[in-house]
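K.L.:
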Ligand code: UTP
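Residue numbers (this note's numbering): 2 to 405.
(1) Beta-carbon within less than 7 Å of residue 332's beta-carbon, same chain only, minus the 5 sequence neighbours each way: which residues are those?
(2) Relative to the C-alpha of residue 402, which candidate in 129, 369, 43, 280 has its C-alpha closest?
(3) Could you pull out every unbroken alpha helix (DSSP H) segment of at least 4 residues lying fully inside the stretch 298-335, listed in chain order?
(4) With a 10 Å radius around its C-beta and 16 neighbouring C-beta atoms as the bar for buried, classify residue 200 as buried or exposed.
(5) Could you give the distance in angstroms between the alpha-carbon of residue 277 and the alpha-carbon of residue 283?
(6) Are the CB atoms of residue 96 and residue 270 within a distance shorter than 8 Å?
(7) If we call anything under 8 Å between Cβ atoms a contact, is residue 231 one with residue 92?
(8) For the ligand UTP, which residues have a Cβ under 7 Å from at least one heavy atom, in chain order?
(9) Determine the direct distance from the alpha carbon of residue 194 to that of residue 26, and round the result to whole angstroms.
(10) Check whether the stretch 353-366 and the stretch 254-263 are in contact - that is, three or more C-beta pairs closer than 8 Å.
(11) From this set, 75, 302, 174, 250, which residue's C-alpha is nearest residue 367's C-alpha?
(12) Use the C-beta contact count for residue 378: other C-beta atoms within 10 angstroms, 16 or more gives buried, fewer gives exposed.
(13) Is it true that the CB of residue 85 sits closer than 8 Å to the CB of residue 137?
(14) Measuring alpha carbon to alpha carbon, tell me which residue in 191, 328, 262, 57 is nearest residue 33.
(15) For residue 108 versus residue 303, is the C-beta spacing smaller than 8 Å?
(16) Grab the span of the beta strand (DSSP E) containing residue 368 for me, first residue to last.
(17) Please name the residue, chosen from 81, 244, 40, 20, that lies closest to residue 423 on a Cα-to-Cα basis.
(18) Helix, strand or coil, according to DSSP, for residue 2 in the structure here?
(19) Three Cβ pairs or more, each shorter than 8 Å: is that satisfied between the stretch 141-151 and the stretch 159-171?
(20) Return the first residue and the last residue of the beta strand (DSSP E) that residue 74 is part of.
(21) Taking the C-alpha atoms as reference points, what is the distance between residue 1 and residue 220?
(22) Drop a sphere of 10 angstroms on the beta-carbon of residue 7, count the other beta-carbons inside from all chains shown, and report buried for 16 or more, exposed for fewer.
(23) Flag this pair as yes or no: are the beta carbons of residue 374 and residue 65 separated by less than 8 Å?
(24) Is it the case that the Cβ atoms of residue 263 and residue 305 are separated by a distance below 8 Å?
(25) Shortest alpha-carbon distance to residue 229 belongs to which of 159, 307, 114, 315?
(26) In whole angstroms, what separates the C-alpha of residue 126 from that of residue 322?
(27) Roughly how many angstroms lie between the CA atoms of residue 336 and residue 134, to the nearest whole one?
(28) Taking buried to mean at least 16 other C-beta atoms within 10 Å of its own C-beta, is residue 343 buried or exposed?
(29) Please list the segments of the alpha helix (DSSP H) lying wholly inside the stretch 115-196, counting only runs of 4 or more residues, in order along the chain.
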């Protein structure tokens with residue numbers, strides 16, 4: 002056994018990862034050593050109190066309201082369409098999640114949201130994009146981030162569907178990084194006797210992974226100045242929305258965030274607010290009750306702007322930050338080896354370590370909160386049933402006149 006490996010395990014208290022070493026073939030031993038060498042165990046330092054708890058002074062943020070936008074819509078749209086035509090904006094689809102809540106066996110984007118016809122989530126989002134590219138008379142580049150596990154199926158699905166009629170040379174797939182997963186005491190799990198258990202490290206690494214993949218060359222070569230980052234799980238997502246682009250540029254902000262008025266205080270959306278006077282987002286599970294239920298003078302929620310994972314980031318501003326983000330701990334059911342056999346628990350049994358795109362807003366310094374009409378732009382598919390589910394998303398698609 003190599004000394005550097007033993008030293009690394011000792012430094013992080015992970016010697017148990019070698020417990021089956023004696024049973025492994027030479028090839029498996031090599032694999033395990035390589036996994037240990039590549040694993041970033043420093044994420045474990047976030048257990049038991051992380052930087053997240055140390056938040057500054059929180060106050061409400063002002064947004065450009067739906068009414069404000071309507072008044073200036075033509076102007077914003079004209080400016081945004083010009084930016085699309087000049088090739089200065091590209092989209093980034095975050096599709097590296099595991100979609101555990103939906104419980105679908107495959108990438109979430111392949112899920113059939115149709116009723117009378119086949120319509121995948123990817124397909125529906127590409128239809129939304131087609132409306133914009135038609136209006137602009139131009140295509141923009143789309144970077145698609147997958148996980149190591151779902152890359153093959155995602156690429157294949159796009160191919161099978163003839164890239165949804167989009168020019169293939171404008172679609173770029175890349176893979177996000179992974180982080181080890183552990184039990185609650187910080188002991189990293191094995192997924193096989195010779196494999197360190199890993200999971201996608203959250204959607205916050207989208208830009209660093211894009212750079213690592215080499216695709217930032219496309220951004221440089223094509224002089225792309227803005228990146229519209231969006232999630233796979235909203236079937237009403239408006240991507241590279243010209244008015245949103247125009248408004249963010251006109252506001253001279255380093256980023257823009259689409260927001261909706263929260264439907265009720267407990268709604269599971271991150272909230273855009275100010276932290277020490279700068280735009281920042283607090284995730285729903287980290288929002289103190291005192292702020293969650295606080296009302297303003299007219300009886301509305303004081304912290305009312307929920308984010309829908311649709312952001313416009315300025316590339317220069319991204320390059321000026323380290324993109325170094327705090328880790329969030331997600332309590333998850335994690336398959337692992339126990340007493341020599343593989344167990345697939347149905348209850349949470351440890352932590353996944355994730356950085357989140359919501360934390361990037363704070364790094365940007367300035368952010369335009371851009372309010373959109375919930376029923377027109379927010380139909381999340383998070384769960385199989387109940388709130389934010391396949392059923393609620395289907396209802397909203399139908400309400401918007403989309404044939405499914
Ligand atoms: P979610 O926070 O809903 O996570 O992702 P998830 O993994 O897809 O779903 P659950 O929690 O297991 O049910 C929000 C968006 O961020 C992407 C997802 O694909 C989705 O578009 N994401 C999430 C990534 O790209 N990478 C990740 O590591 C996590």
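Heads up, the beta-carbon is just placed ideally off N, CA and C, and yes, glycines get one too.
P.N.:
The structure says:
(1) 349, 352
(2) 129
(3) Entirely contained in the stretch 298-335, the alpha helix (DSSP H) runs reaching 4 residues are, in chain order, 316-321.
(4) buried
(5) 13 Å
(6) Between residue 270 and residue 96, the C-beta spacing is not below 8 Å.
(7) yes
(8) 95, 96, 97, 98, 99, 100, 101, 102, 103, 109, 146, 148, 177, 201, 202, 203, 204, 207, 232, 233, 234, 310, 355, 383
(9) 11 Å
(10) yes
(11) That would be 250, whose Cα lies nearest to the Cα of residue 367.
(12) buried
(13) yes
(14) 191
(15) no
(16) 368-372
(17) This structure leaves residue 423 out entirely; the chain is present only between 2 and 405.
(18) coil
(19) Verdict: yes, contact present.
(20) First-last for residue 74: 67-86, but that is the alpha helix (DSSP H), not the beta strand (DSSP E).
(21) Any answer about residue 1 is impossible in this case: the structure gives the chain only from 2 up to 405.
(22) Flag for residue 7 reads exposed.
(23) Their beta carbons are not under 8 Å apart, which means residue 374 does not touch residue 65 by this criterion.
(24) Residue 263 places its beta carbon less than 8 Å from that of residue 305.
(25) 315
(26) 30 Å
(27) 42 Å
(28) It counts as exposed.
(29) 122-137, 152-161
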